[in-house]
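Just so you know, the protein sequences line up as chains S, Z, R and F, in that order.
All letters in the first sequence, in the order written, are residues 1 to 355 by this note's numbering.
All letters in the second sequence, in the order written, are residues 1 to 355 by this note's numbering.
All letters in the third sequence, in the order written, are residues 1 to 355 by this note's numbering.
All letters in the fourth sequence, in the order written, are residues 1 to 355 by this note's numbering.
Beta carbons are placed, not taken as given, at the ideal position from N, Cα and C, and that holds for glycine.
Protein chains: 4
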Amino acid sequence: MRRARDLGIPFEGSTGTYNAITDVPGVTVGYATVIEGESARTGVTIIHPRGGRNHKPVFAGTFAFNGNGEMTGAAWVEEGGMLEGPIGITNTHSVGVVRDTIIAWQARNDAIYQRWSCPVVTETADGWLNDMNGFHVKAEHVWQALENAQGGTIEEGNVGGGTGMLCYEFKGGTGTSSRKLPEKLGGWTIGALVQSNFGRRHQLTIAGVPVGEHLKEHAPFSSGENPFRQESGSLIIILATDAPLLPHQLKRLAKRASLGMARTGSLGGNGSGDIFLAFSTTGTGITKEPIANARYLANDYLDPLFQASAYAAEEAIINSLIAGKRMTGHKGVTVEALPHDKLLEIMKRYNRIQA
Amino acid sequence: MRRARDLGIPFEGSTGTYNAITDVPGVTVGYATVIEGESARTGVTIIHPRGGRNHKPVFAGTFAFNGNGEMTGAAWVEEGGMLEGPIGITNTHSVGVVRDTIIAWQARNDAIYQRWSCPVVTETADGWLNDMNGFHVKAEHVWQALENAQGGTIEEGNVGGGTGMLCYEFKGGTGTSSRKLPEKLGGWTIGALVQSNFGRRHQLTIAGVPVGEHLKEHAPFSSGENPFRQESGSLIIILATDAPLLPHQLKRLAKRASLGMARTGSLGGNGSGDIFLAFSTTGTGITKEPIANARYLANDYLDPLFQASAYAAEEAIINSLIAGKRMTGHKGVTVEALPHDKLLEIMKRYNRIQA
Amino acid sequence: MRRARDLGIPFEGSTGTYNAITDVPGVTVGYATVIEGESARTGVTIIHPRGGRNHKPVFAGTFAFNGNGEMTGAAWVEEGGMLEGPIGITNTHSVGVVRDTIIAWQARNDAIYQRWSCPVVTETADGWLNDMNGFHVKAEHVWQALENAQGGTIEEGNVGGGTGMLCYEFKGGTGTSSRKLPEKLGGWTIGALVQSNFGRRHQLTIAGVPVGEHLKEHAPFSSGENPFRQESGSLIIILATDAPLLPHQLKRLAKRASLGMARTGSLGGNGSGDIFLAFSTTGTGITKEPIANARYLANDYLDPLFQASAYAAEEAIINSLIAGKRMTGHKGVTVEALPHDKLLEIMKRYNRIQA
Amino acid sequence: MRRARDLGIPFEGSTGTYNAITDVPGVTVGYATVIEGESARTGVTIIHPRGGRNHKPVFAGTFAFNGNGEMTGAAWVEEGGMLEGPIGITNTHSVGVVRDTIIAWQARNDAIYQRWSCPVVTETADGWLNDMNGFHVKAEHVWQALENAQGGTIEEGNVGGGTGMLCYEFKGGTGTSSRKLPEKLGGWTIGALVQSNFGRRHQLTIAGVPVGEHLKEHAPFSSGENPFRQESGSLIIILATDAPLLPHQLKRLAKRASLGMARTGSLGGNGSGDIFLAFSTTGTGITKEPIANARYLANDYLDPLFQASAYAAEEAIINSLIAGKRMTGHKGVTVEALPHDKLLEIMKRYNRIQA
């Protein structure tokens, strides 16, 4: 699997071992990819904040840059500051089954923290390649993704919830990246996982280069019979960190995911549900005892984390594009992959990659 | 069916014809009540903002007084100002099936306004009388509630999503009320529908009278072996109006539902998901054309609507209590109804009802 | 000075020593009262979260139930979770001078925490008794209130920022109250200080009794030539506590101040700027070091604090009414005080005070 | 005065006549520049949404990307959806005097819309070149800016509130730009005015080119004795449009200002108060009558406005840099201007300007 850095695309900052959200200790990711017949091109992605066997809540915060989408469970994250279980990401019309199935899994594992559960499940719309109204994601797929989650290297592109997604009118989907701060800045790790399904072709920007302006072929929404005239689709970004942060600080991190999005050229179209969540696995001391202790970083020391959040989100988006593979789906629609060779040629023309 | 006003309990303001959310022209309400075996005591309530055959969006706004609960679809109401389909209310662990089934119903009826749907589904937890982890609400129940919705007089108490709910540790559930403003104040109608599942017994206040202080028997969470030490459960309030209001004004109405809650004595406990939504059926001129016209009330003329919102919400809560009937459910738990005779006796003692 | 409890009005819960915000260790309150000539009836109130010599920030949160008013500094409280200096409360048109003078005082005392200061200054409109456009609050008054702040018993009624304020169309102004939780619930203290300038007469409710319905005389906005047809004025509530709480939890406390307001009958009119702030003096461990420790209460243990917040806010409002004294001001307008004797008579009629 | 486009820097979209916020019909801008002695390097900028003689409110919305700053009046914009008078922009410690003086000006002009005024005044910190604690902005300066406002071409750089500001550690300050949409997209104009005082040198990005990486000299916070280790300062962006938009839609425009910021390289540091406001001069039909009519654009037609908001904000920031002139101020500190020649050389190196 080639990734953006392998191609020589320049990014800011140093990554963790796997350049993935799984670089944050404990975080695991599971996928179910549903490709069946001519119309099912979808799936579900699961993120376990502490791995699937540790059900202790984490502090979290959310931010909707453009709320044309869904993130169930966001009300309690906002109110209580906590994320109490796994996160699901799927297609827009399958959020319900993913949500209820996560509860069933929690009930089976005695992992419901309060006396009820309001899981975080979020989505992007794969209605271009997938028959969303066919409701192809089933409870069994959700169980599969919950159970097969793992750390280390994880797949990108046409996988899990990202299976049928488009990004800047190329094939997009799932992408991930991470940043490891220097020890003198705390040594914290921040990981991002995105489900990319957003952006108009002409906006696509990579490392500052107006790539989209030079790659106008095979742009389904920008030419000819044009079903999606506005920017459509959505972008989900999940940030994980081992930096000790309080809920209101994690909301600030989630906001910085917007900057990662902006760095790839998007302007946050009306049709795009750009919704972000950040959680911290460390320092929160959540307990059933009356008084807990939370370690946290002073405001004055947050800038490196803010930057790492934006950088990791940006690179995860580009990784989703680099990994996305040509797909034919519902009603015979075909979406092309971003051509690596042409991309490199353009990057060289703008002196962002050495010729 | 006796209602709070029938008993002589004093409330502020004049009601509409049915003293129900259905007094707002077009609004219909459907129920599916699921009472099966020893453990299923639940259901689903559907509100069609314009009736089930008119799929034109309405302007809407939401407010979470305490976000320990779920309202799917709230992100788009906040961002886009629109509610694009029916509202579902159910138990906490059935939100997903209600959500996805509403989408299926919309797809069947060619009633998806954008190219995807993020329905508003909200909940309270009936885990005391109902086996929430049994997932007893099925797609067929949702279809039933979507299809059987009607205007006019609607049921209250142990019905629909409210079937298994508790209110101030008495049997609660579904309640409704409305206010019709005098013509000189615009003549607008405001209706409220609540799913009540909140409050500690000692807090219960009716028309200012500290009723709960005198009705301490059969209070499951306030005495003996006490599984719910904190205030638990939740309160959902849906406000409908034919007053022409903009989205940011409807959010203000939704906030006033908090005051209706407060007037019945609750103090908004940590465990209570107190989440409210208001929509307007009038004046919004939503269109697929580029430019629309919205009539709206000037800020200086909103006070009567604010008051009516609080009053209707308050009375709908009390109606849910008055209509709630004794129920035995999951694990043999029994919850008593508010005893009308004792209530009246207390009201008289405080001179709020004539002896 | 007689206070509401002295008259026998029943309230929930036990107060601290002074039944004042100053029961929270460290909190001091200063006033400058500006009564000059026929038109100046105003002033400024200062709250030092840790006393005027301890400039260490506190965690804080805010909530605007109805944002028709001003609270400078709220953006940073929301973002950073911190309150970095004294709070000022004054009339609407003097917020600027109070704000800049607090900065000057901070600069003089080397008490600017970042390299700039955005103080919290909030207000209600005393334009009925005071000539707001005369800008009668001067820098010297702000210095005076900053310097004369003290703990222990503090004045109420026509004092400080509350000098010219009205409450339910009686003379209102400054009020305070506190709650001390039982040791088994943590033993925490919560104090409230309000600047009351809100409410229509007929809404006035005391301990559940519809007092306003029986006291319709001398209600300037409800009768005759009626310049303020809607509910006008505003309500500021500041909550202080020594309970260790995180910023997002303090926002939840600030929300509960709305319930205290509701318990006195208000319905949150369009014209009323009902804006609340809560801060905690304990457990926050704010430091210039990179990593700090915050003690905090688990969500499941917040209910007693939520209740105490509402109760203290409610009683502080009633105290402002009980302490308010008849005043004649700008253009010869006179506002009456709430008549204690008639109030008690009504309370007895409703059996809320023993005859 | 040379501007960014004059140098050949590429931007997206077509500008209005003046490439300024004043391209929106009615909008006028006034400045008072306070350069006195060795320490006063500050001033005030005023924006009249409809010109200084038309006091009719406009619909408005705000967004704080990072609330480490002040925008007075934001609570009422959020709640009421209205901006009721001129906007002031100044240094952090002079917000109060600007605010109260705007009220005095409104009172003099019989231009207070409600019975009180809560003006919008916002700020950035010029404490590097200006002695903020000297409080050099006086009421007379505010009057001057209120009265001298004009349309057409307006000054940029070291002028008005922007006089002493820094941007990416070069001299910044005031900048403006506009976009005129093609007639087929509605023909609307969007203008931006920024007060730029943010960004670390290495982040500076112009038209995608990593300019800051190649211009590391004379970067006061990035080298040597470093008083501002984190990103400091702030960014204010005011967007004006003649597109008919509702308050919740204007908030969405204000959010897009974040993207304009991001396109210049900033990552939204903790110390930066990045606060934005958008208003519409058209279609709002605000009236003292009970029912008003608002024209507004359907959600599906907002994308061109979203893009124009980001583009205009981006170009206004770059214009503030291009116009900024070397300044020596408080304590002899000198800040350099962005060197145009070196900038162009770098742009050519990356093929973003033809050699």
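Opposite residue i in the DSSP bridges: which residues?
i	result
Ala64 of chain Z	Z:Ile275
Lys171 of chain Z	Z:Leu166
Arg41 of chain R	R:Ile35
Ala433 of chain R	The requested residue 433 of chain R does not occur in the structure, where chain R is confined to residues 1 to 355.
Ile238 of chain F	F:Leu193, F:Leu277
His48 of chain S	S:Thr28
Ile87 of chain S	S:Ile47, S:Val120
Between residue i and chain Z, is there a C-beta pair that is closer than 8 angstroms?
i	result
Lys255 of chain R	yes
Arg179 of chain F	no
Tyr113 of chain F	no
Gln354 of chain R	no
Asn299 of chain F	yes
Under 8 angstroms Cβ-Cβ, which residues of chain S neighbour residue i?
i	result
Pro244 of chain R	Ile291
Ser94 of chain Z	Asp100
Does DSSP put residue i in a helix, a strand or coil?
i	result
Lys180 of chain F	strand
Met1 of chain F	coil
Gly30 of chain Z	strand
Glu217 of chain Z	coil
Phe59 of chain R	strand
Glu123 of chain Z	strand
Leu245 of chain Z	coil
Val77 of chain R	helix
Gly186 of chain S	coil
Val142 of chain S	helix
Gly151 of chain R	coil
Ile102 of chain S	helix
Val335 of chain S	strand
Would you mind telling me which residues of chain Z sit closer than 9 angstroms to residue i, beta carbon to beta carbon, in chain order?
i	result
Phe135 of chain S	Asp100, Ile103, Ala104
Asn407 of chain R	Lying outside 1 to 355, the shown extent of chain R, residue 407 of chain R is not represented and no answer is given.
Using a C-beta cutoff of 8 angstroms, does residue i count as contacting chain R?
i	result
Gly362 of chain F	No statement about residue 362 of chain F is possible, as the shown extent of chain F runs from 1 to 355 and does not include it.
Lys342 of chain Z	no
Lys325 of chain S	no
Thr205 of chain Z	yes
Val194 of chain F	no
Which residues of chain S have a Cβ atom closer than 7 angstroms to the Cβ of residue i, listed in chain order?
i	result
Thr367 of chain Z	Absent from the structure is residue 367 of chain Z, since the part of chain Z shown begins at 1 and ends at 355.
I want to verify the contact list: residues of chain F whose CB lies under 7 angstroms from the CB of residue i, in sequence order.
i	result
Arg295 of chain S	Here the premise fails: no neighbours, minimum Cβ distance about 18 angstroms.
Asn66 of chain R	Glu79
Met1 of chain R	Residues of chain F passing the Cβ test: none, with the nearest at roughly 30 angstroms.
Ala149 of chain S	Result: empty, since nearest Cβ-Cβ is about 31 angstroms, beyond 7 angstroms.
Ala107 of chain R	Asn133
Starting from residue i, find everything on chain S with Cβ-Cβ shorter than 9 angstroms and list it in chain order.
i	result
His55 of chain R	Within chain S, no residue comes near His55 of chain R; the closest Cβ sits about 16 angstroms away, beyond 9 angstroms.
Tyr350 of chain F	Gly208, Val209, Tyr350, Asn351, Arg352
Interface residues of chain R around residue i at Cβ under 8 angstroms?
i	result
Val209 of chain Z	Gly208
Applying a beta-carbon distance threshold of less than 7 angstroms, which residues of chain Z neighbour residue i?
i	result
Leu259 of chain R	Ala262, Leu267, Gly268
Return no unless some Cβ of chain S is closer than 8 angstroms to the Cβ of residue i.
i	result
Val333 of chain Z	no
Val97 of chain Z	yes
Taking beta-carbon pairs under 8 angstroms, can you tell me which members of the stretch 15-49 of chain Z lie near chain R? Shown here is that no member of the stretch 15-49 of chain Z has a Cβ falling below 8 angstroms from a Cβ of chain R.
If you measure beta-carbon to beta-carbon, which residues of the stretch 262-291 of chain R are closer than 9 angstroms to chain S? So the close ones are Gly283, Gly285, Ile286, Thr287, Lys288, Glu289, Pro290, Ile291.
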